[in-house]
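K.L.:
Residues 205 to 498 (the numbering used here) are what the first sequence spells out, left to right.
Even glycine gets a Cβ: it sits at the ideal position worked out from N, Cα and C.
Since this is a predicted model, take the numbers as computed values, not measurements.
This is the structure, below, for whatever I ask next.
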Amino acid sequence: MPEGHSIHRLARQFTSVFAGQRLSVSSPQGRFAAGAAQLDGQTLVGAAAHGKQLFLEFDNELFLRIHLGLYGAFDFGGDETFRGASSIGAPRRVGEREIADDGEAAYAGPPPPKGAVRVRLVSNHGWADLRGPTACEVITPGEQRAILAKLGPDPLQPEADPEEFVRRLNARSSPVGLLLMNQEVLAGVGNVYRAEVLFRRQVSPWRAGKALDRDQTLQLWNDVVSVMADGVAAGRIITTLPEHRNDASTPVPTAEAHYVYKRQGLPCRICGTEIAVTDMAARKLYWCASCQDR
DNA sequence: TCTGTATGTCAAA
DNA sequence: TTGACCTACAGAC
205 MPEGHSIHRL ARQFTSVFAG QRLSVSSPQG RFAAGAAQLD GQTLVGAAAH
255 GKQLFLEFDN ELFLRIHLGL YGAFDFGGDE TFRGASSIGA PRRVGEREIA
305 DDGEAAYAGP PPPKGAVRVR LVSNHGWADL RGPTACEVIT PGEQRAILAK
355 LGPDPLQPEA DPEEFVRRLN ARSSPVGLLL MNQEVLAGVG NVYRAEVLFR
405 RQVSPWRAGK ALDRDQTLQL WNDVVSVMAD GVAAGRIITT LPEHRNDAST
455 PVPTAEAHYV YKRQGLPCRI CGTEIAVTDM AARKLYWCAS CQDR
């Protein structure tokens, strides 16, 4: 599920299984052959996420910048150091994806690449395959700084400044439903968190950013921080509170995970009004017209 | 075999 | 505001 929480999980995963290791880098598909050659044989220093951007830092002072876009996904495999991290990114089928660890025999090297593998990273202990990214390029530290400078604060970074979010949101007259998706305002939120957080804070998606007062804006920020931190921990987006679910079972069923996202025509979990859907800037926007009146 | 769909972004009109 | 693009898969034909 490539909103910001998935990218942070990836950064954590790359750091834990590949940092300090020399990597073979290749492009089985061929589309990233030149970039792979610049990184092949280098040691991974570490990985970091800012919003939906993933940066892999190599010890020749180059970064691999990856943006998964809609379809991008990583698959992992390897020995026991890779257990528990099999696959992060877009779902293979509708719904959330958490692939079970098969716990099978010892690692014997990566399998033949299946499908369009843009990049394959291989260490002595395991491998990672990247498919379908929107962006996959080698950049310099200066280029990385330029990219970071454009992005808004990332709610998943402990040092992120809420006041920066307040400034960026309250300065604009666009609807808050658009602004939450704008990576220059807030880095990491996508269509699911946008809809869900606006519902949780009872904010109308059409309120202008500058029409929200400081408290409301900070509450939005705090809610994004909380719900995205949960997303990192769970590996999926769950925004409903237990008291708003019909089914108390765990793990939370997909049908109970959201308040409004993809629930058009179904009754609002709070007030029973039918959840509505419309297009906003070519993306589906889901909301409850009755609850979201602030 | 073809179509539709998806948690995203960019450039062109 | 629209179309193009990245990929895989379910479901319809």
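Roughly how many whole angstroms lie between the Cα atoms of residue 303 and residue 278?
P.N.:
Note that residue 303 scores a pLDDT of 37, beneath 50, so its modelled location is shaky and nothing firm can be said.
K.L.:
Which residue from 492, 221, 340, 423 puts its Cα closest to that of residue 468?
P.N.:
Per the Cα distances, 492.
K.L.:
Name the one or two DSSP bridge partners that residue 257 has.
P.N.:
Bridge partners of residue 257: 254, 271.
K.L.:
Can you have a look at residue 350 and say buried or exposed, based on whether 16 or more other CB atoms are within 10 angstroms of its CB?
P.N.:
It is exposed - the Cβ of residue 350 has fewer than 16 other Cβ atoms within 10 Å.
K.L.:
By DSSP's criteria, residue 488 is part of a beta bridge. Which residues make up the other side?
P.N.:
Residue 488 pairs with 483.
K.L.:
Per DSSP, residue 262 is paired with what?
P.N.:
Looking at the DSSP assignment, residue 262 forms a beta bridge with 248.
K.L.:
Enumerate in chain order the residues of its own chain whose CB-to-CB distance from residue 282 is below 8 Å, with the five nearest sequence positions on each side excluded.
P.N.:
For residue 282, where only same-chain residues beyond five positions count, the Cβ hits under 8 Å are 221, 311, 327, 329, 330, 331.
K.L.:
Pick from 249, 490, 496, 257: whose alpha carbon is nearest that of residue 264?
P.N.:
Nearest of 249, 490, 496, 257 to residue 264, Cα basis: 249.
K.L.:
What residues are listed by DSSP as bridge partners for residue 313?
P.N.:
Answer is none; residue 313 lacks a bridge partner.
K.L.:
Rounded to whole angstroms, how far is the Cβ of residue 372 from the Cβ of residue 389, which I believe are closer than 8 Å?
P.N.:
Right, the Cβ-Cβ distance comes to about 5 Å (below 8 Å), so this counts as a contact.
K.L.:
With DSSP run on the structure shown, which of helix, strand or coil describes residue 299?
P.N.:
Residue confidence is low: residue 299 scores 29 on pLDDT, short of 50, so the model does not pin down where it sits. Its coordinate-derived value is still stated next. Residue 299: coil per DSSP, three-state reduction.
K.L.:
Below 7 Å CB to CB, which residues in the same chain sit around residue 364 once its five sequence neighbours on both sides are set aside?
P.N.:
Closer than 7 Å at Cβ, skipping near neighbours: 357, 358.
K.L.:
Measuring only the C-alpha atoms, how far is residue 399 from residue 410?
P.N.:
In a straight line, the C-alpha of residue 399 is about 12 Å away from that of residue 410.
K.L.:
For my contact list, residue 260 and residue 286 are in at a C-beta cut-off of 8 Å; report their separation, rounded to the angstrom.
P.N.:
Contact flag wrong, Cβ pair sits at about 16 Å.
K.L.:
Going by C-alpha to C-alpha distance, which of 369, 244, 461, 228 sits closest to residue 314?
P.N.:
The shortest Cα separation from residue 314 among 369, 244, 461, 228 belongs to 228.
K.L.:
Can you look up residue 438 in the DSSP assignment and give me helix, strand or coil?
P.N.:
Helix.
K.L.:
On a CA-only basis, which of 391, 422, 495, 212 is nearest residue 367? Give me that one, please.
P.N.:
It is 422 whose Cα lies nearest to the Cα of residue 367.
K.L.:
State the start and end residues of the unbroken beta strand (DSSP E) segment that holds residue 343.
P.N.:
Run containing residue 343: 339 to 343, per the beta strand (DSSP E) assignment.
K.L.:
If you measure between the beta carbons of residue 253 and residue 212, is that distance less than 8 Å?
P.N.:
Yes, the pair counts as a contact, with Cβ atoms nearer than the cut-off.
K.L.:
Where do the N-terminal and C-terminal ends of the beta strand (DSSP E) with residue 334 fall, by residue?
P.N.:
Taken as a continuous stretch (DSSP letters only), the beta strand (DSSP E) holding residue 334 covers 330 to 335.
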